[in-house]
Amino acid sequence: MATEKETFGSCVRRKRKEKAITLRKFADMIGVSPTYISQIERDELTGFKPPAAGTVRAIAKVLGENEDEMLALANRVSSDLPEIIQKHPKEVATFLRTAKGLSGEEWEKLTQRMIKDLSDEEEENK
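Number 70 in the working numbering belongs to position 70 of the sequence shown; there are no gaps in the numbering.
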């Protein structure tokens with residue numbers, strides 16, 4: 001993923017070059033113009049208006065990166081999250097505020113524990 005303090009644009013450029021994809025080919029793969037990719041890579045858009053979530057997802061897919069991490073780097077949030085938050089605003093806010101100091105590893109452990117608990121609960125209800 002991105003290095004610390006790396007911008008979305010510089011991360012895209014670095015990853016694209018690591019994969020030896022030309023700017024023109026990369027733009028074609030995503031369905032945008034080479035000029036637009038160039039603007040993204042030079043961070044000419046992110047300060048004013050970051051690329052649309054769909055564009056960020058397409059970029060992540062071509063580069064083989066995690067969509068959520070790329071969206072966050074581009075100052076975007078996955079489109080399904082607002083609906084989840086709005087469905088349970090108090091619970092989600094409390095959960096996130098409680099867990100805000102967790103490391104990436106701790107988040108991963110928590111996620112795996114939730115998946116296991118939900119799977120176990122599903123099995124018990126069969």
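In this text, a Cβ means the ideal position worked out from N, Cα and C, and glycines have one as well. Here the structure is a predicted model, which is why all the values come from computation and not from measurement.
Closest to residue i by CA distance: which of the options is it?
i, options, result
"Ser33", "Lys90, Pro51, Pro89", "Pro51"
"Lys19", "Gly31, Glu6, Ala60", "Ala60"
"Glu41", "Asn125, Ala99, Thr94, Leu23", "Leu23"
"Glu6", "Ile30, Met70, Ile84, Phe26", "Met70"
"Gln39", "Arg13, Ile84, Gly31, Lys17", "Arg13"
Just the Cα atoms here: how many angstroms apart are residue i and residue j?
i, j, result
"Ser78", "Phe8", "15 Å"
"Gly101", "Val92", "15 Å"
"Asp117", "Lys49", "40 Å"
"Ser10", "Glu106", "28 Å"
"Glu65", "Lys126", "36 Å"
"Gln86", "Asp80", "10 Å"
"Ile21", "Asp68", "22 Å"
"Ala72", "Ala53", "10 Å"
"His88", "Glu121", "21 Å"
Could you check where the alpha helix (DSSP H) with residue i kicks off and where it finishes?
i, result
"Thr111", "104-124"
"Arg42", "Premise fails: Arg42 is in no alpha helix (DSSP H) and is neither H nor E."
So is residue i buried or exposed if we call it buried at 16+ other beta carbons inside 10 Å?
i, result
"Thr55", "buried"
"Ala74", "buried"
"Phe95", "exposed"
"Arg57", "buried"
"Met114", "exposed"
"Arg142", "Since the first residue shown for the chain is 1 and the last is 126, residue 142 is missing from the structure and cannot be characterised."
"Asp63", "It is worth fixing the name first, because residue 63 is Leu in this sequence and not Asp. Flag for Leu63 reads buried."
"Lys15", "buried"
Below 6 Å, is the gap between the Cβ of residue i and the nearest heavy atom of the ligand GTP?
i, result
"Arg57", "Ligands are entirely absent from the displayed structure, and the ligand GTP is therefore not among its contents."
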